[in-house]
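Colleague: In this note's numbering, the protein residues as written are 40 to 313.
Heads up, the beta-carbon is just placed ideally off N, CA and C, and yes, glycines get one too.
These numbers come from a predicted model, not from an experiment.
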Ligand code: KIV
């Protein structure tokens, strides 16, 4: 089963995403930070737009995502929502907007949802389970984020692959199950061996896992849009395929990305390689 042509598609809802997942249709997610790109990505059939706090690095030129504020996330969420027609919109809770506990997380989620987000994403393992439960019980759909969690870059000692040894892999699996049981509907799995990401998906069949540098075994894929369009200068992630190589436009690259996620030809296991 595949999604209807974007021009006629109904708004993508959580229910629709679950149906896609159950039917084995891969979910195509991409970051977006502004109205123009959101519109192009929506028209190309991207299922989910993520207002990622990666905007701190690619839009603001910061060295990491840590300096991004809640007000900045709400601003970019409003921009994306104005350009979007039908994609499901997820906004990142930035650093220090949820770490103090569930009430703080609820206030921050309210700011993003009142800016137009349909779901919030937060980074971290089992310690976030109580917050995930609190938010989901109060009508806030939650996407968790495990593996390389960029807001913890200083604690992790850099942008390193996670879960490489047996203990690390077991910990990721345990945290994923705790978060799924707490109510997370979706989970970004970033920079980990494909076998670990595939195990997380197998452990939690109803959870929609979305991989980035985590191999093919997830329910969907996400990329930072600037990496996908080859606009990033400096070191590109090795898993970021050049979707602009064959076509001449951003629209074409977007359509190729969606098609490659849907038919399973992206990511390339050879480029992933860990
Ligand atoms: O901030 C972001 O763009 C993200 C993606 C890399 C998943 O969290």
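1. Residues in its own chain within less than 6 angstroms of residue 208 by CB, not counting five upstream and five downstream?
2. Identify which residue in 118, 84, 296 and 223 has its Cα closest to the Cα of residue 158.
3. Tell me the DSSP bridge mates of residue 250?
4. For residue 137, tell me which candidate among 241, 168, 259 and 66 has the shortest Cα-Cα distance.
5. Measure the C-alpha to C-alpha separation of residue 56 and residue 226 and round it to an integer number of angstroms.
6. What is the rounded straight-line gap between the Cα of residue 292 and the Cα of residue 282?
7. For residue 246 versus residue 221, is the C-beta distance shorter than 8 angstroms?
8. Between which residues of its own chain and residue 60 is the CB-CB distance below 6 angstroms, once the five residues before and five after are set aside?
9. Let me check one thing: in DSSP terms, what residues is residue 158 bridge-paired to?
10. Taking three-plus beta-carbon pairs below 8 angstroms as touching, is the region 179-199 in contact with the region 119-126?
11. Would you verify that the beta carbon of residue 277 is, or is not, closer than 8 angstroms to some beta carbon of chain D?
12. Using C-beta distances below 7 angstroms, list every residue in its chain close to residue 40, excluding the 5 sequence neighbours before and after it, in chain order.
13. Could you please give the first and the last residue of the uninterrupted beta strand (DSSP E) stretch that includes residue 297?
14. If you draw a straight line from the alpha carbon of residue 147 to that of residue 299, how long is it in whole angstroms?
15. Residue 91 bridges to which residues according to DSSP?
16. Would the C-beta of residue 66 count as close to ligand 1, meaning under 7 angstroms from any of its heavy atoms?
17. Going by the C-beta, is residue 129 closer than 7 angstroms to any heavy atom of ligand 1?
18. So, helix, strand or coil for residue 279, using DSSP?
19. Tell me whether residue 186 sits in a helix, a strand or coil according to DSSP, three-state version.
20. Once the 5 residues before and after residue 240 are set aside, which same chain residues still bring their CB inside 8 angstroms of it?
21. In chain order, what residues of the same chain lie with their CB nearer than 6 angstroms to the CB of residue 97, ignoring the 5 residues before and after it?
22. Out of 215, 48 and 130, which has the shortest C-alpha to C-alpha gap to residue 180?
23. Helix, strand or coil, according to DSSP, for residue 268 in the structure here?
24. Taking 7 angstroms as the cut-off, does the CB of residue 263 come closer than this to any heavy atom belonging to ligand 1?
Modeller: Looking at the atomic coordinates:
1. 202 and 235
2. That would be 223, whose Cα lies nearest to the Cα of residue 158.
3. 228 and 260
4. 168
5. 13 angstroms
6. 5 angstroms
7. no
8. 247 and 258
9. DSSP links residue 158 through a beta bridge to 129.
10. no
11. Chain labels in this structure do not include chain D; a single protein chain is all it has.
12. Caution applies to residue 40, whose pLDDT of 40 falls short of 50 and renders its modelled position unreliable; the value that the coordinates give is listed next. Contacts found: 62 and 64.
13. Premise fails: residue 297 lies in the alpha helix (DSSP H), 289-301, not in any beta strand (DSSP E).
14. 34 angstroms
15. According to DSSP, which records beta bridges pairwise, residue 91 is partnered with nothing at all.
16. no
17. no
18. coil
19. strand
20. Excluding five sequence positions before and after residue 240, the CB atoms of its chain that fall closer than 8 angstroms to its own CB belong to 246, 248, 256, 257 and 258, given in chain order.
21. Listed in chain order, the non-local C-beta contacts of residue 97 below 6 angstroms within the same chain comprise 265, local neighbours out to five positions each way being set aside.
22. 130
23. coil
24. Yes, the Cβ of residue 263 comes within 7 angstroms of a heavy atom of ligand 1.
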